[in-house]
Amino acid sequence: MTPLGRIGQVVATTSLGAIGAIHLLWASGASWPASSRKRLARQVIGSDEMPSAGACLVVGGGMLTGSAIIAGAGGTHTLAKAARVAAALAFLLRGTMDGARVTALLGRPGPHRRFVELDRRIYRPLCLITSAAITLAVRGDRRR
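What follows is the structure, given as structure tokens:
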């Protein structure tokens, strides 16, 4: 792997791993980093209620699986390579969509203003960075 590809791989796997771990924490009922579940919901989903524990588990598990795949799980198999490209595209798409569009796609009511602000300042840029990092990892490994 090229040095730039390795940097992309480390950034992407760390990012996906952290997102996965946080979702698992939320599935347990925690409200970190907010002071309450209602505040957390407003910040991360744009509504007054958090998704179910099951939904948080699915997202958390998916992110941890994605982290493992970006780290190299699955090797050079076609399905693993396709999953890496799909992940890069998914984060690129999410990074280009504003908070109102995201909540509409999730079937949620119009987003709380706090979510819109955090989405513009933090979530969307992080999604674009994660997409770029995954892309660097994929392109930097000539064996894949």
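Each number in this note's numbering corresponds to the 1-based position in the sequence shown with 1 added. Glycine residues also receive a C-beta, built at the ideal position from the N, C-alpha and C atoms. Quick caveat: nothing in here was measured; it's all calculated off a predicted structure.
Beta-carbon contacts of residue i that lie in its chain and below 7 Å, excluding the five residues immediately before and after
i	result
A89	S132, I135, T136 and V139
L119	Q44
D38	According to the sequence provided, residue 38 is Arg. The question's Asp does not apply to it. Same-chain partners within the cutoff: S32 and M51.
T3	G141
When the options are compared against residue i, the one with the closest alpha-carbon
i	options	result
A54	Q44, S32 and D99	S32
V60	I23, L41, R40 and S48	I23
R109	T79, S48 and C128	S48
I71	G9, T3 and P4	G9
A42	H113, R121 and M64	H113
A69	T3, R85 and R121	R85
Residue i - DSSP class collapsed to helix/strand/coil
i	result
S2	For the record, residue 2 in the displayed sequence is Met; it is not Ser. Coil.
G30	coil
E50	coil
A35	coil
N-terminal and C-terminal residue of the alpha helix (DSSP H) that residue i is part of
i	result
G63	A54 to A72
P126	R125 to G141
L107	That residue, L107, is in no alpha helix (DSSP H); it is neither H nor E in DSSP.
Sequence-distant residues of the same chain with beta carbon closer than 8 Å to residue i, five excluded per side
i	result
P126	G96
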